[in-house]
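K.L.:
Following my numbering, the numbering of the sequence shown begins with 4 at its first residue and continues without gaps. In this text, a Cβ means the ideal position worked out from N, Cα and C, and glycines have one as well. My questions all concern the structure below.
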Amino acid sequence: MALESIVRADSTGGTEERDFASLRPKSFAEYIGQKELIENLKIAVQAARERGEPLDHLLFHGPPGLGKTTLAYVIAEEMQAEIVCTSGPALERPADLVGILTNLKRGDVLFIDEIHRLPRIVEEYIYPAMEDFEIDMVIDPGPHARTVKLELNHFTIVGATTRAGLITGPLRDRFGFSLHLEFYGVKDLQTIITRSAGILSTKITGEGSESIAFRSRGTPRIANRLLRRTRDYAQVMRRDAIDEVTAIEAMDINGVDEAGLDRLDRNYLTAIIKQYGGGPVGVSAIAATLNEERDTLIDVVEPFILARGFLNRTSRGRVATALAYRHLGFTRAGQEELPL
Ligand code: ADE
């Protein structure tokens with residue numbers, strides 16, 4: 004039951020990526036939120052530019068939809084460099100990586116999304132490339148195998164991952180920066196929504212943008228997606244601006260509640276409460292109950308409900324919190340006995 008939802012932060016790919024391209028900030032000046040991280044990046048970029056050097060390799064980690072790809076584009080733009088985008092799973096063989104690396108010019112940015120899914124054999128090739136800007140190519144594999152060293156131009160890898168814990172130590176050590184993206188606050192999301200509405204030539208009130216921001220799960224990608232759906236609704240219902248009522252009606256019909264939880268979030272928490280007595284329960288058991296992928300639950304569902312206090316993760320498994328019971332309208336005798 005791969006449940007489709009508009010509040011899922013994972014990209015739906017193709018068309019959506021194109022649609023969002025116009026909404027993406029292109030420079031630090033346009034970028035809203037992640038203040039501390041942006042300050043750090045600005046200093047790194049200015050320092051590298053003043054020295055005329057490429058930027059050190061950078062690793063971004065954090066839940067999907069918070070702008071890791073966007074930031075890679077911003078960095079390339081600020082460094083006045085070109086960007087090449089790929090992903091861990093797309094680099095199946097060392098030759099795929101070598102082909103890309105040998106074409107990079109000095110200062111270019113290579114963006115590798117889902118870098119935790121880089122095959123082991125490819126990862127081994129990336130170490131000397133990152134460290135010494137050279138790769139050892141094996142020629143004529145077999146008894147007469149020879150290796151030749153290929154010199155590369157100094158480039159910058161920007162890696163992105165939703166699962167920092169799955170990156171091997173040797174790979175992590177080769178990044179000069181390791182930066183975590185946080186969920187966005189409602190005020191920042193409201194500013195992003197207002198900016199996007201301007202780009203889309205859509206009228207929106209302060210209450211309208213706030214209602215959408217509240218339900219965007221701390222995630223710009225979701226905020227922009229909700230804005231688009233609300234804009235469609237406003238148009239069809241002949242409302243001339245997105246006000247609070249319009250925003251709430253539009254999100255209600257899309258199954259997004261006032262805390263930004265969608266049906267899958269509510270099903271997830273309800274399963275823990277009803278099937279497993281509130282937990283603790285292992286994520287694989289929940290995945291089986293919901294007929295969902297375990298990784299989807301870990302990457303996409305859990306980060307937000309954990310951050311918002313609906314879920315606790317303990318050594319014995321997942322536990323629904325008192326807040327989850329209240330939000331979903333469940334009562335429980337002896338709530339003070341809630342397991343920690
Ligand atoms: N659109 C998506 N993310 C954004 C951000 N962080 N700042 C401005 N616009 C955005």
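Any chance you could list the beta strand (DSSP E) runs of at least 3 consecutive residues sitting entirely within the segment 121–155, in chain order?
P.N.:
Counting whole runs of 3 or more residues, the segment 121–155 contains the beta strand (DSSP E) stretches 137–142, 149–154.
K.L.:
Should the segment 245–264 be regarded as contacting the segment 296–305, the criterion being three or more beta carbon pairs within less than 8 Å?
P.N.:
Flag = no, the segment 245–264 and the segment 296–305 do not touch.
K.L.:
Kindly indicate which three-state DSSP category N227 falls into: helix, strand or coil?
P.N.:
The answer is helix: DSSP assigns N227 an H, G or I state.
K.L.:
Hey, I289 and A323: beta-carbon distance below 8 Å or not?
P.N.:
Result no, Cβ atoms of I289 and A323 do not sit closer than 8 Å.
K.L.:
Measuring only from the beta carbon, is R27 closer than 7 Å to any heavy atom that is part of the ligand ADE?
P.N.:
The answer is yes for R27.
K.L.:
Can you look up L58 in the DSSP assignment and give me helix, strand or coil?
P.N.:
L58 falls in the coil class under three-state DSSP.
K.L.:
Using only the heavy atoms of the ligand ADE, determine whether one of them is closer than 7 Å to the beta carbon of R198.
P.N.:
Correct: R198 has its Cβ closer than 7 Å to the ligand ADE.
K.L.:
Please confirm if the segment 113–120 is in contact with the segment 158–178, defined as three or more CB-CB distances below 8 Å between the two stretches.
P.N.:
Contact holds: three or more Cβ-Cβ distances are below 8 Å.
K.L.:
I need the straight-line Cα distance from L40 to R149, nearest angstrom please.
P.N.:
Taking the straight line joining both Cα atoms gives about 44 Å.
K.L.:
Three or more beta-carbon pairs under 8 Å between the segment 65–81 and the segment 221–232, yes or no?
P.N.:
Touching, yes.
K.L.:
Quick one: using the 10 Å Cβ neighbour count with 16 as the cut-off for buried, is R319 buried or exposed?
P.N.:
Counting Cβ neighbours within 10 Å, R319 comes out exposed, since fewer than 16 surround it.
K.L.:
May I ask you to report which of helix, strand or coil DSSP gives V284?
P.N.:
Here V284 sits in strand by DSSP.
K.L.:
Helix, strand or coil for N315? Go by DSSP, reduced to three states.
P.N.:
Three-state DSSP puts N315 in a strand.
K.L.:
M82 to G282, Cα distance in whole Å?
P.N.:
Cα to Cα, M82 sits roughly 49 Å from G282.
K.L.:
Would you give the residue range spanned by the alpha helix (DSSP H) that R198 belongs to?
P.N.:
Note, R198: alpha helix (DSSP H), 189–202.
K.L.:
Can you have a look at R224 and say buried or exposed, based on whether 16 or more other CB atoms are within 10 angstroms of its CB?
P.N.:
The residue is buried, with at least 16 neighbouring Cβ atoms inside 10 Å.
K.L.:
Roughly how many angstroms lie between the CA atoms of L155 and I129, to the nearest whole one?
P.N.:
For L155 and I129, the distance between alpha carbons rounds to 12 Å.
K.L.:
Given this structure, state the Cα-to-Cα distance separating R96 from A291, to the nearest angstrom.
P.N.:
Those two C-alpha atoms are separated by around 33 Å.
K.L.:
In three-state terms, what does DSSP make of M4?
P.N.:
Because M4 sits at a pLDDT of 40, beneath the cut-off of 50, its placement in the model cannot be relied upon, and the point is left open.
K.L.:
For I3, verify whether its CB is less than 7 Å away from any heavy atom of the ligand ADE.
P.N.:
No statement about residue 3 is possible, as the shown extent of the chain runs from 4 to 343 and does not include it.
K.L.:
One question on the structure: do V112 and A79 come within less than 8 Å of each other, judged by their Cβ atoms?
P.N.:
In this structure, A79 lies closer than 8 Å to V112 by Cβ.
K.L.:
By the DSSP assignment, the alpha helix (DSSP H) with R175 in it spans what residues?
P.N.:
Element bounds for R175: 172–176.
K.L.:
In its own chain, which residues sit with a C-beta less than 7 Å from the C-beta of D191, not counting the 5 before and 5 after it?
P.N.:
Taken in chain order, the residues that qualify are I35, G36.
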